[in-house]
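Encoded as structure tokens, the structure appears first; notes follow it.
Number of protein chains: 2
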Amino acid sequence: MTPEAMPNAFRPGAATLSDTEARLVERRQSLLGPAYRLFYERPLHVVRGEGVWLFDAEGEAYLDAYNNVASVGHCHPHVAGAVARQAATLATHTRYLHDGVLDLAERLLATMPPAIGHVMFTCTGSEANDLALRIAFQATAGTGVIVTVNAYHGVTQAVAAMSPSLGAGVPLGAHVRTVPAPDPATGGDIGFASAVAEAAEDLARHGIRPAALIVDTIFSSDGVFTDPPGFLVAAAAAIRAAGGLFIADEVQPGFGRTGEAMWGFERHGVVPDMVSMGKPMGNGYPVAALALRPDLAEAFGSQARYFNTFGGNAVAAAAALAVLEVIEAEALQGHALEVGRHFRDGLRRLGSRFPRLGEVRGAGLFIGLDVLDPESRTPDAAGASRIVNGLREARVLISATGPRAHVLKIRPPLVFSDAHADLFLSRLESVLATLG
Amino acid sequence: MTPEAMPNAFRPGAATLSDTEARLVERRQSLLGPAYRLFYERPLHVVRGEGVWLFDAEGEAYLDAYNNVASVGHCHPHVAGAVARQAATLATHTRYLHDGVLDLAERLLATMPPAIGHVMFTCTGSEANDLALRIAFQATAGTGVIVTVNAYHGVTQAVAAMSPSLGAGVPLGAHVRTVPAPDPATGGDIGFASAVAEAAEDLARHGIRPAALIVDTIFSSDGVFTDPPGFLVAAAAAIRAAGGLFIADEVQPGFGRTGEAMWGFERHGVVPDMVSMGKPMGNGYPVAALALRPDLAEAFGSQARYFNTFGGNAVAAAAALAVLEVIEAEALQGHALEVGRHFRDGLRRLGSRFPRLGEVRGAGLFIGLDVLDPESRTPDAAGASRIVNGLREARVLISATGPRAHVLKIRPPLVFSDAHADLFLSRLESVLATLG
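Those protein sequence lines, which keep their order, are chains A and B. Position 322 of the first sequence, counted from 1, bears residue number 321 in numbering that gives the first Met the number 0, the numbering being contiguous throughout. Position 88 of the second sequence, counted from 1, bears residue number 87 in numbering that gives the first Met the number 0, the numbering being contiguous throughout.
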């Protein structure tokens, strides 16, 4: 995929912009340069967020069915308040003793399987995956990494080299092998685990010792594959048989989003060696982490120290702790489970009337919906783009994903309700009606 | 240097801790694992910060002469207020149009030489240096990197592999060469530039095309080398002659700290190809950036897109903009210049009376002070440690640096005044008197 082919990327000139929008686009080009991308044919100029709503400069409200960072709702007062209080009290680092980071670590580890006994803090999911790689390389004395064909794990040099979804302009490392995502339509669990075993053999054949299989446990950039739960067990066994570790990238599915569990890997009944997390962790505050088996932390810590200036700072800890408190107090995991079912049921009902819609996948409030050509019933990226942009004009925000860019990615803040889902469905119905 | 040999690292058992401190240390070990390090023989348990002061759990005030992150003062109300307001209004990313990140970019680029025309936002200095490497590799089709012998550029896999100060447990990359830091005592500018040219030749001799020379322009981890201004010009010319780029790592000296200029490279009259920045940028909020020549951004952006979920988010932009406003409104650069001179004069006066003190180096409020064995006048890491820990007991915070861990690193918030410097000097005098 070329950089330009990023699903739902703004292409200058494709739509008429207001003077304000055009000036902002021009300023971005001039100041930030060409590596930045905007969403939508007509980019959205946001000024305010609240709950599941984003507001543009004209005061128009947009139903946010896309942003998983503001997971407990845009500008949730409990989190914003915790950030404001701590930023006015102390904002320093982990080379002093401070209770906040320890309270957070304790609470996070309580959500993990007993085998996962330590947690290390970073600022971004990229940094967490990058640290996981460093630790895996050290622990296995290997460098081979296995990822899915359209995986995304971040933007540092090391993790960009194992993120094929960044496109052909960002070469994969010579030590990286890709396996097809576990699409139930093409083999499911047996096929996936076999592909992992074969990739590990291929690495070994090239003199590269396998270090890790890393997967986003909801396979977001591959197209959202959630079922049947359990298919990761055999894959984790396959990488371990080859001497490597199993790393669960929970940046997308973590923190209750799947409804069925706090973490995506739990749905599969597998215990990872390391677990990375990020995006929703601070509801917008830059905080991320890597939870791991203590023996792996020992192996790494005996050789290397780890200090991340902002990682686990007092404000980051307060933000992340507040998010965990809200998830529990508002019972958002169970809420995501129920609303997600209602939402998918509604999407399937629409699908029975509109042949553009194909399979509905997902768990909780992470939903993938295939868009197909209504005649040939084959993947239809252009159709997906028309729906995404049609919804944007109808003031509903989603995006598209998958190697063929034909999967609608629906991933609202967890405070999304049945009523919000119904509103989404009615606007989607209108958009589909106009597309014919 | 082994991990344990980190200057000023806490070693369990070396001092008697209070019950509270001991419990916190135990919780850290149990939750965060062994890669984390604390400062001081008796770690500091901080609970609050204000201006140049940190307060411990008993309410004792510590004069902070070390933390450059809280550069405009701990919990500066203008910055904390901007963070609180924006966190309650909107905290979203750069794939929507938003004025904040553009206002910040404009203001930052206005402080740069005209050749530096774009800026890209990350969350940490590590990520900024990692991105600089990715761009340098792409632009030069090379991978060779030259750093100083005790350089520190961050903790991602790519930049840890070019950070020798992390110790022998973190191997340097096969594509990395080190050059002695430009210690005026051992050659200064001519020696440094020659070493860069030789390292580039050695890379080429090994079939590795030179991509970049990257230096912290105040050479913090090497021991703080600031004089004579201008010595970087020949080094930048040497790497460019070899086909590589010159990257100024401004994470430590940037944002007015050197007093003489906004950026450390400016003191040297050199224009870098890329400029990374971080720590003080958000006064504790995780925000960092890479400013660069537009043609380099074009070369990268034509192949790769760059998206950092939290990088340049609306709150990060508000925090960084507020920091720039405070630096200007409180004239902190000029203040750092004057207080730094007063401070270094005082340190030199003390040095004339205490043979443990050697050369005083630095610019503005970034000061390196050699500690020597009073008899042999050779580098004395143990003496430096006794001073650092003696000051901590006298409630003054600094640390040590340099490959021989004998350089006192004095780097207070920029709001440090002459009176604070005098207080520091009087407490240092007491500590030196007890050491004999």
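Using N, Cα and C, we set each Cβ at its ideal position, and we do this for glycine too. Since the structure is predicted, the reported quantities are computational estimates derived from the model, not experimental observations.
Notebook entry, point to check: Going along the chain, which residues of the segment 264-286 of chain A sit with their C-beta nearer than 7 Å to a C-beta in chain B?
Noted result: Under the 7 Å Cβ criterion, the segment 264-286 of chain A contributes K278, G283 and P285.
Item checked: Three-state secondary structure assigned by DSSP to V274 of chain B -> Note: V274 of chain B maps to strand in three-state DSSP.
Check: Taking buried to mean at least 16 other C-beta atoms within 10 Å of its own C-beta, is T1 of chain A buried or exposed?
Finding: For T1 of chain A, the predicted structure reports a pLDDT of 48, less than 50, and the residue's modelled location is therefore unreliable. The matter cannot be settled from this model.
Next item on the list: Find the residues of chain A that neighbour Q251 of chain B, judging by a C-beta separation of less than 8 Å, and give them in chain order.
Entry: Residues of chain A with a Cβ closer than 8 Å to the Cβ of Q251 of chain B do not exist; the shortest Cβ-Cβ separation is about 11 Å.
Next item on the list: Using 10 angstroms around the beta-carbon of T400 of chain B, count the other beta-carbons present and answer buried if the total reaches 16, otherwise exposed.
Entry: Its Cβ being crowded by 16 or more others within 10 Å, T400 of chain B is buried.
Notebook entry, point to check: Using a Cβ-Cβ distance under 8 Å, would V314 of chain B count as near chain A?
Noted result: Residue-level contact check: V314 of chain B touches chain A, since one or more beta carbons of chain A fall below 8 Å from its beta carbon.
Notebook entry, point to check: Do three or more CB pairs link the segment 357-375 of chain B to the segment 254-263 of chain B at distances below 8 Å?
Noted result: Contact holds between the segment 357-375 of chain B and the segment 254-263 of chain B, because three or more Cβ pairs, one in each stretch, are under 8 Å apart.
Check: How would you call D226 of chain B, buried or exposed, if buried means at least 16 neighbouring beta carbons within 10 angstroms?
Finding: Label assigned to D226 of chain B: exposed.
Note to self: Short of 9 Å Cβ to Cβ, which residues in the segment 299-314 of chain A face chain B?
What the structure shows: Of all residues in the segment 299-314 of chain A, only F299, G300, S301, Q302, A303, R304, Y305, F306, N307, T308, F309, G310, G311, N312, A313 and V314 place a beta-carbon less than 9 Å from a beta-carbon of chain B.
Check: Within the 8 Å Cβ cut-off, does M111 of chain A reach chain B?
Finding: For M111 of chain A, the answer is no, since every Cβ of chain B falls outside 8 Å of its Cβ.
Next item on the list: Spell out a yes or no on whether the segment 139-151 of chain A and the segment 104-116 of chain A are touching, meaning 3 or more CB-CB pairs, one atom from each, closer than 8 Å.
Entry: Between the segment 139-151 of chain A and the segment 104-116 of chain A, the count of Cβ pairs shorter than 8 Å is below three; the stretches do not touch.
Next item on the list: Mind listing the chain A neighbours of N66 of chain B? Cutoff is C-beta to C-beta under 9 Å, in chain order.
Entry: Ordered by position in chain A, the residues that pass the 9 Å Cβ test against N66 of chain B are T91 and H92.
Check: Using the C-alpha atoms, what's the distance from F191 of chain B back to N66 of chain B?
Finding: The alpha-carbon of N66 of chain B is positioned some 29 Å away from that of F191 of chain B.
Margin query: Can you pull the chain B neighbours of D129 of chain A, defined as C-beta to C-beta under 7 Å?
Written below: Ordered by position in chain B, the residues that pass the 7 Å Cβ test against D129 of chain A are T155 and Q156.
Note to self: I'd like the ranges of any beta strand (DSSP E) spanning at least 3 consecutive residues and lying wholly in the segment 114-194 of chain B.
What the structure shows: If we require 3 residues or more, the beta strand (DSSP E) runs fully inside the segment 114-194 of chain B come out as 117-121, 143-147 and 175-178.
Check: Within 8 Å (strictly less), CB to CB, does R27 of chain A reach chain B?
Finding: At least one chain B Cβ lies under 8 Å of R27 of chain A.
Checklist line | Rounded straight-line distance, which links the Cα of A235 of chain B to that of M161 of chain A | finding: In this model, M161 of chain A and A235 of chain B are separated by some 33 Å (Cα to Cα).
Checklist line | Cβ-based neighbour list, T308 of chain B, same chain, cut-off 8 Å, excluding 5 preceding and 5 following | finding: The answer, listed in chain order, is H92.
Notebook entry, point to check: Does the Cβ-Cβ distance between Q251 of chain B and D215 of chain B come in under 8 Å?
Noted result: Their beta carbons are under 8 Å apart, which means Q251 of chain B touches D215 of chain B by this criterion.
Check: Nearest to E265 of chain B by alpha carbon, out of B:L165, B:G283 and B:P228?
Finding: For the residues B:L165, B:G283 and B:P228, the minimum Cα distance to E265 of chain B belongs to B:P228.
Item checked: Between the CA atoms of L132 of chain B and A247 of chain A - distance to the nearest angstrom -> Cα-Cα distance, rounded: 27 Å.
Item checked: Span separating the alpha-carbon of A184 of chain A from that of L336 of chain A -> Rounded to whole angstroms, A184 of chain A to L336 of chain A spans 24 Å at the Cα level.
Next item on the list: Please list the segments of the alpha helix (DSSP H) lying wholly inside the segment 246-272 of chain A, counting only runs of 4 or more residues, in order along the chain.
Entry: Listed in chain order, the alpha helix (DSSP H) elements of length 4 or more contained wholly in the segment 246-272 of chain A are 263-266.
Item checked: Extent of the continuous alpha helix (DSSP H) run through A418 of chain B -> Its alpha helix (DSSP H) spans residues D417 to L434.
Checklist line | Exposure of D344 of chain A, with buried meaning 16 or more beta-carbon neighbours within 10 Å | finding: So D344 of chain A counts as exposed.
Notebook entry, point to check: T177 of chain B to G243 of chain B, Cα distance in whole Å?
Noted result: Going by C-alpha positions, T177 of chain B is about 15 Å away from G243 of chain B.
Item checked: Q85 of chain A beta carbon less than 8 Å from that of A432 of chain A -> The Cβ atoms of A432 of chain A and Q85 of chain A do not sit closer than 8 Å to each other.
Next item on the list: Counting only runs of 4+ residues fully inside the segment 51-89 of chain A, write out the alpha helix (DSSP H) ranges in chain order.
Entry: Within the segment 51-89 of chain A, the runs of alpha helix (DSSP H) that reach at least 4 residues and sit entirely inside it are, in chain order, 76-86.
Checklist line | Contacting positions in the segment 31-45 of chain A - beta carbon closer than 8 Å to chain B | finding: Listed by position, the residues of the segment 31-45 of chain A near chain B (Cβ gap below 8 Å) are L31, G32, P33, A34, Y35, R36, L37, F38, P42, L43, H44 and V45.
Notebook entry, point to check: Just to confirm, does D294 of chain B get its C-beta within under 7 Å of one of the non-hydrogen atoms of the ligand MG?
Noted result: Within the structure as shown, the ligand MG is missing, as the structure has no ligands at all.
Notebook entry, point to check: Under three-state DSSP, which class holds S351 of chain B?
Noted result: When secondary structure is reduced to three states using DSSP, S351 of chain B falls in the helix class.
Item checked: Three-state class that DSSP yields for D379 of chain A in the structure shown -> For D379 of chain A, the three-state secondary structure derived from DSSP is coil.
Margin query: Output needed for L202 of chain B: all residues of its chain with C-beta closer than 7 Å, excluding positions within five of it in sequence on either side, in chain order.
Written below: Excluding residues within five positions, the ones whose Cβ falls inside 7 Å are G143, R176 and P209.
Next item on the list: State the start and end residues of the unbroken beta strand (DSSP E) segment that holds E49 of chain A.
Entry: Residues V45 to E49.
Note to self: What are the residues in the segment 49-73 of chain A lying within 8 Å of chain B by C-beta distance?
What the structure shows: Within the segment 49-73 of chain A, contact with chain B at the beta-carbon level (separation under 8 Å) is assigned to L53, N66, V68, A69 and H73.
Check: Which residues, taken in chain order from the segment 149-178 of chain A, show a beta carbon closer than 8 Å to some beta carbon of chain B?
Finding: Those would be V154, T155, Q156, A157, A159, L165, G166, G168 and V169, in chain order.
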